[in-house]
């Protein structure tokens with residue numbers, strides 16, 4: 001229905017535009033403009049198009065303001081990880097610079113287009129170059145970019161160069177396959193057992209991430225699906241593996257992403273700072289959930305009217321998504337992340353079966 | 361004063377010596393011009409070796425035909441994104457078995473995304489843009505009778521045609537066309553077990569690209585040789601119009617980087633068909649362990665992006681060159697900072713070959729490399745900024761003539777700035793972590809290279825249409841085309857940044873699997889409506905183009921009162937471009953509104969007057 005409506009609107013607009021251009025052409029020929037030049041812009045064209053350029057500047061500003069006004073609420077909430085705070089700060093600084101440069105340059109560009117729209121018999125100002133100006137607008141961006149580069153590099157090193165031998169960190173393997181995620185905990189010894197895709201068919205295929213059963217480190221490993229839990233305020237080191245194609249472990253609320261590459265182990269680390277329960281209380285998230293549930297309620301009414309099942313109401317959870325194209329169900333490769341208090345986490349993990357129970 | 365006098369004498373002497381060197385060649389070409397071929401339909405319209413005809417062939421196949429398909433595909437998947445899993449009659453018609461009961465299949469969604477990207481990047485914006493304008497303008501603007509090798513030029517076009525045919529043929533194979541994204545990362549692209557499109561469809565994709573690379577290399581070598589060797593008397597490098605600088609440098613980057621894509625494609629073909637393990641290791645798919653061992657997909661990413669990143673400059677530089685020319689002509693002012701413009705083209709070209717790994721910050725490569733590539737990437741923003749500032753300075757105190765080409769050129773500067781600025785975020789390895797492979801990236805590169813390059817392309821078509829088809833395009837339709845396109849381009853891509861920053865990954869068939877993204881559905885509808893509007897605007901262009909080709913107003917020789925050499929050639933296309941002698945050049949291409957001249961333009965063929973001040977030469 002909406003599609004038909006859109007098509008109709010577009011068609012009508014097309015007809016309107018066609019008619020306007022027809023009328024415009026007719027008025028043009030009546031004014032007795034010389035025929036051989038009528039496809040070259042006249043002073044009248046310059047005047048109109050120059051003014052439209054100015055109007056377009058207003059349009060750009062309006063679109064910018066509209067988007068920020070209406071869409072800021074859909075953006076990710078404040079980071080739920082330690083390094084995410086620095087990430088967000090760098091993002092806002094960069095955005096401030098971008099918006100400043102965008103506002104000024106678009107204004108000057110479109111204002112000049114409007115101001116200097118062609119007039120008959122006026123000659124343009126002959127100016128070939130100005131080395132001082134060139135120097136200024138080479139050096140200013142250079143300085144700004146230099147600062148951003150330094151800031152970015154320091155932050156990047158801090159995020160990526162973590163100590164992966166850290167005894168206190170919790171080690172979790174994120175295991176990707178078409179099209180689901182699994183997480184493997186290192187168990188009591190906090191050491192992941194060796195693993196390879198060649199062991200996947202062991203134990204009638206129940207060895208779902210291919211743990212090498214001859215490596216004792218792996219016997220206490222715990223593999224979970226659907227959702228995984230992590231304790232708040234504890235450094236987590238993720239080791240990523242993939243069994244088939246490239247995937248990307250994307251955890252947007254924690255400002256974390258790393259590709260999962262078959263044949264190698266990639267790493268990422270962060271420290272979660274807000275439990276799932278705390279995040280659900282966050283005002284941005286609460287508002288978002290409310291909006292989403294309203295949309296889902298409306299959609300459910302439509303579905304019920306058609307005799308289909310209603311949608312479940314939504315409750316916020318942290319997400320692990322796949323961000324690297326990986327085939328048919330790329331769009332639905334997800335796992336829930338639950339950030340628990342340390343106590344809840346201990347309770348949960350102790351109730352999960354270890355690999356040794358599969359080996360028997 | 362004395363210094364200037366000396367300088368002038370020196371310049372005259374230099375150009376004289378230079379001219380002597382060229383004399384032999386000129387005689388040769390003059391001889392060539394007298395020698396009339398008897399042309400048949402086939403040699404004139406099909407296997408033509410004339411650069412003007414080849415330019416038209418590229419324009420019709422590369423831009424109009426392939427462009428139409430590429431844009432139409434984007435509209436199909438935009439419909440799916442706005443109204444997911446809804447039934448549409450258009451799917452039934454165009455997708456057939458891939459749209460059971462009129463609902464788009466997830467695999468064909470990925471295939472559409474893949475082929476849309478491939479067609480737009482390679483076929484429309486690389487071959488179409490460079491093929492059309494390098495071919496048309498290089499000989500005409502440097503004062504040459506034709507390309508250095510007309511035969512290679514013809515071969516280049518027909519290889520391109522062949523690769524287009526193969527690519528389009530891949531749409532009709534049983535298991536569907538390639539669907540691994542236009543970057544075709546293995547293992548997804550290498551294993552038919554992982555994705556149906558990675559069977560014959562992918563094989564055809566790779567063959568098509570291999571042929572494409574051959575075509576591109578033949579074309580580029582020809583452009584380079586022609587610009588270096590066949591300039592007319594007096595056309596020193598610093599008198600070249602910026603279009604030619606851009607085409608020359610583009611061709612050089614192409615020659616450097618395209619062979620690497622070919623090698624990546626060949627290695628991938630080996631992995632797929634001959635059991636090697638360049639890119640594959642430790643793979644378990646559909647219940648089976650595959651034999652591949654020791655390869656790395658990250659290697660493919662390096663090889664691919666070593667072309668892939670220069671590729672975006674191969675796309676945007678010709679558009680910037682075209683814009684420089686059109687903005688100067690229509691501002692009736694010299695391009696501001698000609699030498700700075702040349703320097704920034706060269707700087708961009710150099711830097712473009714050492715920034716590729718910014719596509720791979722989170723690919724699993726050593727994080728130290730991330731720092732290095734952040735550094736080089738943000739460096740490339742400097743020459744890009746210089747270019748934008750110079751365009752703006754060119755408008756200042758000009759006498760702007762708003763022909764449709766001028767509107768698109770200003771539009772290009774606007775989208776190049778908007779899209780370029782968000783590059784500051786993506787080029788920063790830290791910030792890339794959370795926006796990598798989201799819609800933020802899609803919005804960024806569509807504005808900075810997609811839309812900007814398309815604007816350059818449109819600007820070029822409107823501006824040089826009289827040269828190509830001896831007729832003018834209708835300006836009012838041109839204005840309407842521009843304004844609808846400009847509004848919808850921002851309408852599509854501005855909101856898209858926000859859904860990216862909301863954490864929505866790209867290449868999702870539908871977002872309904874995540875209730876978390878439910879509140880983005882409205883934004884997706886808005887984007888699609890603007891996309892449909894933009895698609896509709898291109899129909900206006902198509903109509904204008906075809907109508908004007910046959911019934912447009914006949915052009916005068918130099919409709920835009922331009923300085924460059926192509927407008928001194930007769931309107932009628934003749935083999936060898938100029939009757940009689942090739943015009944000689946005495947000045948740079950940008951003496952617009954120069955004091956002391958009656959007209960507001962001084963063609964390059966006008967000798968420097970005795971009392972004339974030499975500002976740039």
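Residue numbers (this note's numbering), protein chains in the order written: chain A, 1 to 360; chain B, 361 to 977.
Backbone N, C-alpha and C fix where the C-beta goes; we use that ideal spot for every residue, glycine too.
Keep in mind it's a predicted model, so treat the numbers as computed, not measured.
Alpha helix (DSSP H) segment containing residue i, residue limits
i, result
"residue 489(B)", "489 to 502"
"residue 115(A)", "82 to 115"
"residue 331(A)", "Residue 331(A) -> no alpha helix (DSSP H), and no H or E assigned at all."
"residue 295(A)", "283 to 305"
"residue 699(B)", "698 to 712"
"residue 319(A)", "Taken as a continuous stretch (DSSP letters only), residue 319(A) belongs to no alpha helix (DSSP H), being part of the beta strand (DSSP E) at 318 to 322."
"residue 378(A)", "No information on residue 378(A) is available, as it lies outside the stretch 1 to 360 that chain A covers here."
Among the options, the one whose alpha carbon lies nearest that of residue i
i, options, result
"residue 447(B)", "593(B), 459(B), 595(B), 551(B)", "459(B)"
"residue 216(A)", "66(A), 254(A), 356(A), 347(A)", "356(A)"
"residue 321(A)", "923(B), 867(B), 902(B)", "867(B)"
"residue 135(A)", "745(B), 802(B), 443(B), 584(B)", "745(B)"
"residue 966(B)", "947(B), 958(B), 954(B), 973(B)", "947(B)"
"residue 535(B)", "590(B), 455(B), 790(B), 817(B)", "455(B)"
"residue 688(B)", "758(B), 973(B), 637(B)", "758(B)"
"residue 59(A)", "774(B), 943(B), 747(B)", "774(B)"
"residue 803(B)", "595(B), 785(B), 512(B)", "785(B)"
"residue 641(B)", "358(A), 122(A), 147(A), 197(A)", "197(A)"
"residue 691(B)", "667(B), 951(B), 799(B)", "951(B)"
"residue 330(A)", "100(A), 126(A), 180(A)", "180(A)"
"residue 567(B)", "938(B), 623(B), 541(B)", "623(B)"
"residue 974(B)", "312(A), 206(A), 126(A)", "126(A)"
"residue 325(A)", "958(B), 755(B), 920(B), 473(B)", "473(B)"
"residue 707(B)", "684(B), 677(B), 725(B), 685(B)", "677(B)"
Residue i - containing beta strand (DSSP E), residue span
i, result
"residue 269(A)", "266 to 270"
"residue 225(A)", "222 to 225"
"residue 184(A)", "180 to 185"
Within 8 Å, strictly: CB atoms of residue i and residue j
i, j, result
"residue 807(B)", "residue 858(B)", "no"
"residue 275(A)", "residue 224(A)", "no"
"residue 40(A)", "residue 763(B)", "yes"
"residue 529(B)", "residue 471(B)", "no"
"residue 643(B)", "residue 262(A)", "yes"
"residue 129(A)", "residue 599(B)", "no"
"residue 496(B)", "residue 902(B)", "no"
"residue 674(B)", "residue 486(B)", "yes"
"residue 878(B)", "residue 337(A)", "no"
"residue 558(B)", "residue 523(B)", "no"
"residue 865(B)", "residue 183(A)", "no"
"residue 768(B)", "residue 799(B)", "no"
"residue 422(B)", "residue 511(B)", "no"
"residue 730(B)", "residue 160(A)", "yes"
"residue 415(B)", "residue 828(B)", "yes"
"residue 187(A)", "residue 221(A)", "yes"
"residue 151(A)", "residue 90(A)", "yes"
"residue 212(A)", "residue 199(A)", "yes"
"residue 76(A)", "residue 253(A)", "yes"
"residue 97(A)", "residue 738(B)", "no"
Beta carbon proximity, residue i to chain E, threshold 8 Å
i, result
"residue 137(A)", "Looking at the structure shown, chain E is missing, and the protein chains on hand are A and B."
Output the residue ranges of the alpha helix (DSSP H) runs that lie fully inside the segment 514 to 545 of chain B and measure 4 residues or longer, sorted by chain position.
-> none
The segment 542 to 560 of chain B contacting the segment 654 to 672 of chain B, beta-carbon criterion three pairs below 8 Å | yes
Specify whether the segment 832 to 850 of chain B and the segment 888 to 896 of chain B touch according to this definition: at least 3 beta carbon pairs, one from each stretch, less than 8 Å apart.
-> yes
With a cut-off of 8 Å, do at least 3 Cβ pairs link the segment 733 to 740 of chain B to the segment 143 to 156 of chain A?
-> yes
Should the segment 281 to 299 of chain A be regarded as contacting the segment 310 to 318 of chain A, the criterion being three or more beta carbon pairs within less than 8 Å?
-> yes
Only counting runs of 4 or more residues, tell me where the alpha helix (DSSP H) segments fall wholly within the segment 571 to 610 of chain B, in order along the chain.
-> For the segment 571 to 610 of chain B, not a single whole alpha helix (DSSP H) run of length 4 or above is found.
If we count Cβ pairs, one from each stretch, closer than 8 Å, do we get three or more for the segment 688 to 703 of chain B versus the segment 832 to 847 of chain B?
-> no
Sequence ranges, alpha helix (DSSP H) only - wholly within the segment 408 to 446 of chain B, length at least 4 = 411 to 418, 426 to 442
Meets three-Cβ-pair contact criterion under 8 Å: the segment 239 to 256 of chain A and the segment 165 to 180 of chain A = yes
Can you list, in chain order, the stretches of the alpha helix (DSSP H) that have 4 or more residues and sit fully within the segment 54 to 81 of chain A?
-> none
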